[in-house]
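Counting from 8, one number per residue, gives the positions in the sequence shown under my numbering. Beta carbons are placed, not taken as given, at the ideal position from N, Cα and C, and that holds for glycine. Have a look at the structure below, then the notes.
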Amino acid sequence: MGKKNKAVETAQEPKTRARKVLSDTNVPTYYSNTVEIATSGSDFRIRLGEILEASLEELLVKHRATVYFSPRHAKEVALLLTKKVKEHEAKYGEIIPTE
Numbered sequence: 008m009g010k011k012n013k014a015v016e017t018a019q020e021p022k023t024r025a026r027k028v029l030s031d032t033n034v035p036t037y038y039s040n041t042v043e044i045a046t047s048g049s050d051f052r053i054r055l056g057e058i059l060e061a062s063l064e065e066l067l068v069k070h071r072a073t074v075y076f077s078p079r080h081a082k083e084v085a086l087l088l089t090k091k092v093k094e095h096e097a098k099y100g101e102i103i104p105t106e
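Right, dumping it as structure tokens:
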């Protein structure tokens, strides 16, 4: 998407460990404005999609990617995402979720 790399905090590694990241230009990038989350005893499934059309009667959604997480990693991602949302709101103002 042409954006310059910013400092990235990850949910997996302790802050004291050096992290070396190998970039792969073939990794796809998707826009998502809808998400479905399913769970089982052993994993979380997050399906990302894009709403292509919306009317009062229906939504046309294109699924873009599905990602599976272990329960532990899902919790780490949730905590990190919560932290990043709070930082974003402190800088740009409150995000009002849709109902």
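Per-residue DSSP class, three states only, for residue i
i	result
valine 84	helix
valine 74	strand
lysine 69	strand
proline 89	With the sequence shown as reference, residue 89 is identified as threonine, and proline is not the correct amino acid for it. Threonine 89: helix per DSSP, three-state reduction.
arginine 24	coil
glutamate 94	helix
tyrosine 37	coil
asparagine 12	Legend: pLDDT at asparagine 12 = 46, less than 50; position of this residue unreliable, value from coordinates given subsequently. The answer is coil: DSSP assigns asparagine 12 none of H, G, I, E or B.
Extent of the continuous beta strand (DSSP E) run through residue i
i	result
glutamate 43	41-46
glutamate 60	51-61
Assigned exposure category for residue i - 16 Cβ within 10 Å defines buried
i	result
glycine 48	exposed
glycine 100	exposed
alanine 25	exposed
alanine 81	buried
glycine 9	Note on glycine 9: pLDDT 48, under 50, position unreliable in the model; the coordinate value appears next. By the 10 Å Cβ count, glycine 9 comes out exposed.
Cβ separation of residue i and residue j, assumed to be a contact under 8 Å, to the nearest whole Å
i	j	result
isoleucine 102	valine 92	7 Å
valine 42	isoleucine 53	6 Å
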